[in-house]
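Written below as structure tokens is the structure these notes are about.
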Amino acid sequence: MSLSILVRFLFLAFFVVFVDGQCLDDQQKLLLELRSEFKFNSSISQGLEHWNGTGDCCEWKRVKCEDSGHVISLLLNSEGISGRIGESSALFRLTYLSSLDLSSNDFTTTEIPNQFHHLPNLAILDLSDSGFKGPIPSTLANLTQLVELYLPSNFLTGSIPSFHNCKNLESIKLSDNNLMGSLSHLHFQGLTNLSRLDLSHNSLNGTIPNHLFSFPSINYLYLSNNQFSGQIEEISIIEFPLLRPDANANENESDYYFANFLFLANNRLTGVIPTSICSISRLMVLDLSFNNLIGSIPPCLLQESYYLKVLNLRGNNFIGVIPDTFNWECGLKTFDVSDNNLGGKIPKSLANCVELAVMNVGNNNFDDSFPCMALPESLKVLVLRSNRFHGELRCGKSWPDLQILDISSNHFSGTLDSLNFSSWRGMMLQSQAHLRRSPSDILNASYLYRDEVTIIVKNVEVRLVKIWPDFTCIDLSSNHFEKEIPDAIGSLTSLYLLNLSHNSLTHAIPRSLGALKELGSLDLSSNKLTGRIPDELTKLDFLSFLNLSYNHLTGLIPTSSHFQTFSADSFEGNAGLSGFPLNGSFNNRPPPGPSPSEDSEPKDEEIEWEYVFAAFGYVVGFGSIAWILLCCRSLRERYFEKIEEVADKIFFERGRRKRHERRVRRREERNAFRRRHHQ
């Protein structure tokens, strides 16, 4: 009898263990119904494509269940889903769902459904970058268990609803939409756990409510690129919380997790920076750029710079000098005060910032010699353009990681051999491996901050909204440099842009420039260069912009097919220079091919010229005669296609690239936030 009981007990125990955590029948039916509702791209799907009705649905990809067999998590991001979510969708009957990710799909024809309130256990909702339009449903406020809400990079309009019922909210991201209206204290009232709020890149207006700074847990406040106005002194920055690290937090991560990030850039804020801002504990990123702020930079802001990694005051109306108060423990990595009315000299205490990577003081009124002693050797970007800097560039320091140097439009003089070009390993191809990281690796988290810089490309001012890790540039134009161009520049084999125009440089163009195989833009115009154009320049296959005008060059313009794609503007103002395209002479071209208009031209040659014309569109007219100039091999065609792609990446924020970058940053941001939340 006891043996029978024991057998029954063991069977029952085995059965319980076997079924524990298995998907319930009704849950599997709902998942299959949901799959049939969604239109999705099976070629990129990692989840829906594999839901086939066989096996335990809790083991299906992108599905997670609790022990009872109820589905609690669906990760359907980047599944290629399109169309709409119906009001009676099976999704809203998965009532045990606590985490739902539908980001990076294509719901461009629909609004966010009102039925999400049927998921009372929902703690994480991610609908970012999925093309939703219309207003944010007020019913989301009924999700009382909601902890994280991500709706960025959609086409949402209207005002922001109140979330005061969502007492558990810790992270809200509504950036990159078309939301408008003002904020009141009711929008986020009572959210005592809120630590991250991102409302950037919308059309919100009015004043910034003081209560946004008073949440006891807030440490990431991103309000940039809106239309907020008012006096910055009236904002209760002093209430930005004093955070104390959790004793159990990882020591290496605590500086980031418990730091404060304050982004108020690209608004209409006025007034002077209040000294109370210096009291913000663990302030790591402060971005007040592109507002209408006035007055001087508070000395305490630089003095209390141990935690401060990014200080961006660009594009305001600040006056006075940069205070000479950089602490000896300065931790700054980005310092940008460009486009203001600052003057005086660069403070020597800046040398205390031994980790400084980006320094931009361009477009001000600084009147100083080259600030050699103030510049740490850690620099990757140095911009002094459009000031009154003067004198020679004598400096014993080297900047091994330097990638961008722009000292144009100043009064520098002397020779260029005073610069130690051969020590700039950041502009040499063999060092590119250590540069190819995520753009702006400030704080080891590229999604937190992206440095910007303005450069001159093809005589046009271009604002790089992100500094690409392998972009290199030297701009020494519009100064008073003299004598020869140093051969050492030829060692900078990863250089993309070189501008030495509008100086008094003499002697011949060095043949060593032919070693700059990555060069895409070369401007040596308005100097006193002599001699012939070296044939080595014709081997620069990536070169898309060339300006050698207004020098004293002589001889024939080299006749390579690629080199002759440049217009006459590239060579004008050189009295001793001849050859195409200045005078249309082809007498020295080997060999002189027959005219395209001749009937005797071979048919295969005719097809080749037509192909080149269609691919590159270069038509150079002189008088009434048009010549098709470009003829190159298929390999070289791929090279030109590649350089166009690189130029797009460097100089413009293409829509698809922007959306991809935002997805990457959001994913990294969410992961970092969740690591902190679960510690």
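Residues -21 to -1, 1 to 658 in mature numbering (1 follows the signal peptide of the UniProt record, and there is no 0) are what the sequence shown spells out, letter by letter. Yeah, the Cβ is synthetic: ideal placement off N, Cα and C, and Gly gets one too. All values derive from a computational prediction rather than experimental measurement.
Legend entry - Where the beta strand (DSSP E) containing Lys43 begins and where it ends: Looking at the DSSP string, the run of the beta strand (DSSP E) that includes Lys43 is Val42 to Cys44.
Legend entry - Member of Asn205, Asp303, Asn198 and His481 whose CA lies at the smallest distance from the CA of Glu149: Asn198
Inset, instruction - Would you mind giving the Cβ-Cβ distance between Pro131 and Ser117, rounded to the nearest angstrom? I have them listed as a contact below 8 Å. - result: Their Cβ separation, rounded to whole angstroms, is 19 Å, which puts Pro131 and Ser117 out of contact at 8 Å.
Legend entry - Host alpha helix (DSSP H) of Gln6 (start-end): Gln6 -> alpha helix (DSSP H) spans Asp4 to Glu16.
Legend entry - Exposure of Ser504, with buried meaning 16 or more beta-carbon neighbours within 10 Å: Buried, by the Cβ-count rule.
Inset, instruction - Tell me, please, which residues DSSP counts as bridged to Val333. - result: Answer is none; Val333 lacks a bridge partner.
Inset, instruction - Give the straight-line distance between the Cα atoms of Cys309 and Ser255, rounded to the nearest whole angstrom. - result: The alpha-carbon atoms of Cys309 and Ser255 are separated by roughly 19 Å.
Legend entry - Burial state of Val289, where buried means 16 or more other Cβ atoms lie within 10 Å: buried
Legend entry - DSSP beta-bridge partners of His97: Answer is none; His97 lacks a bridge partner.
Legend entry - Distance, Ile512 Cα to Asp559 Cα: Sequence inspection shows Phe at residue 559; the Asp mentioned does not correspond to that position. A straight line joining the alpha-carbon of Phe559 with that of Ile512 spans about 13 Å.
Legend entry - Distance CB(Asn319)-CB(Asn389) smaller than 8 Å: no
Inset, instruction - May I ask you to list the residues that DSSP assigns as paired with Leu535? - result: Bridge partners of Leu535: Ser557.
Inset, instruction - Could you tell me whether the stretch 541 to 548 touches the stretch 492 to 499, where touching means 3 or more Cβ pairs closer than 8 Å? - result: No: the two stretches stay apart, fewer than three of their Cβ pairs being nearer than 8 Å.
Inset, instruction - Check Ala102 in the structure and name its three-state DSSP category. - result: coil
Legend entry - Pair within 8 Å by beta-carbon distance, Val264 and Leu280: Between Val264 and Leu280, the C-beta gap is not smaller than 8 Å, which leaves the two residues out of contact.
Legend entry - Presumed contact (8 Å Cβ cut-off) between Asn156 and Phe134, rounded CB distance: 7 Å
Inset, instruction - Report the rounded CA-to-CA distance for Glu356 versus Val337, giving the unit in angstroms. - result: 11 Å
Inset, instruction - Using alpha carbons as the reference points, say which of Asn93, Asn100, Asn56 and Trp403 lies closest to Ser77. - result: Asn100
Legend entry - Contiguous beta strand (DSSP E) assignments of at least 3 residues, all confined to the stretch 472 to 526: 476 to 478, 500 to 502 and 524 to 526
Legend entry - Per-residue DSSP class, three states only, for residue 659: Residue 659 is absent from the structure shown; the chain starts at -21 and stops at 658.
Legend entry - Straight-line gap, Ser483 to Asn506 (C-alpha atoms, nearest Å): 5 Å
Legend entry - Ser182 (DSSP reduced to helix, strand or coil): strand
Inset, instruction - Return the chain-ordered list of same chain residues with a C-beta closer than 6 Å to the C-beta of His481, the five sequence neighbours on each side being excluded. - result: Ser456, Ser457 and Ser505
Inset, instruction - Check the DSSP bridge columns for Val50 and list the partner residues they point to. - result: According to DSSP, which records beta bridges pairwise, Val50 is partnered with Cys44.
Inset, instruction - Determine the extent of the alpha helix (DSSP H) in which Gln25 is found, giving its start and end residues. - result: Looking at the DSSP string, Gln25 is not in any alpha helix (DSSP H), and its letter there is neither H nor E.
Legend entry - Identified DSSP bridge partners for Val251: When beta bridges are read from the DSSP output, Val251 appears opposite Ile273.
Inset, instruction - Go ahead and label Trp30 buried or exposed: buried means 16 or more other beta carbons lie within 10 angstroms of its beta carbon, across all protein chains shown. - result: That one is buried.
Inset, instruction - Check each candidate in Met406, Ser470 and Ile464 and name the one with the smallest Cα separation from Leu479. - result: Ile464
Inset, instruction - Alpha carbon to alpha carbon, how far is Val362 from Trp378? Give it in angstroms, no decimals. - result: 14 Å
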